[in-house]
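Okay, so here's the structure we're looking at.
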Amino acid sequence: MFLTCTISFFLISVISSMGLAIIFVEKRYDFPVRRFNVLFRRNIRKINPKLSILGECTVCFSFWAALISDIFLFIYSDFNYFLWPLSGFATSGLVWVLITYLNLIDNDS
750 MFLTCTISFF LISVISSMGL AIIFVEKRYD FPVRRFNVLF RRNIRKINPK
800 LSILGECTVC FSFWAALISD IFLFIYSDFN YFLWPLSGFA TSGLVWVLIT
850 YLNLIDNDS
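Here the sequence shown is numbered in our numbering, starting from 750 and rising by one per residue.
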């Protein structure tokens, strides 16, 4: 039971982090997302100016989005699930593969 829940939460974390990163970064100029992206980059720039690039990098953002989704899953699972570094690396890798594949397809046409 524990292993099944862990695998399920891991897949939920990876998929939701990929979706969050693609929406937040790739669609950053579209209507509902633009406001949040600008506010995020403006506020994070106050912490460290170099971190504002995070709102422009899908792979980087997906790593940190996995932390956000794992925190929610950690609370939801009664503090039993937290595989953030692993889910962050998996999400970043899958996003990078997806973007590379789509760019390869786009260059062929």
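Heads up, the beta-carbon is just placed ideally off N, CA and C, and yes, glycines get one too. Remember, it's a predicted structure, so these values are computed and weren't measured experimentally.
- As for any alpha helix (DSSP H) of minimum length 4 sitting wholly inside the stretch 765-808, the runs are 780-796, ordered along the chain.
- With respect to the C-alpha of leucine 835, the residue from Asp827, Ser811, Ile854 having the closest C-alpha is Ser811.
- Nearest to serine 757 by alpha-carbon distance, out of Tyr850, Leu832, Leu851, is Leu832.
- In this structure valine 763 is buried. Its beta-carbon is surrounded by 16 or more other beta-carbon atoms within 10 angstroms.
- The C-alpha of asparagine 786 is placed about 16 Å away from the C-alpha of isoleucine 796.
- In the structure shown, phenylalanine 759 adopts helical secondary structure according to DSSP, grouped into three states.
- Fewer than three beta-carbon pairs drawn from the stretch 839-856 and the stretch 777-791 are found closer than 8 Å, and the two stretches are therefore not classed as touching.
- Secondary structure of aspartate 855 (DSSP, three-state): helix.
- Annotation for leucine 822: Phe758, Ile761, Ser762, Tyr830 place their beta carbon closer than 7 Å to its own, counting only its chain and skipping 5 residues before and after.
- Between glycine 837 and leucine 816, the C-beta gap is smaller than 8 Å, which places the two residues in contact.
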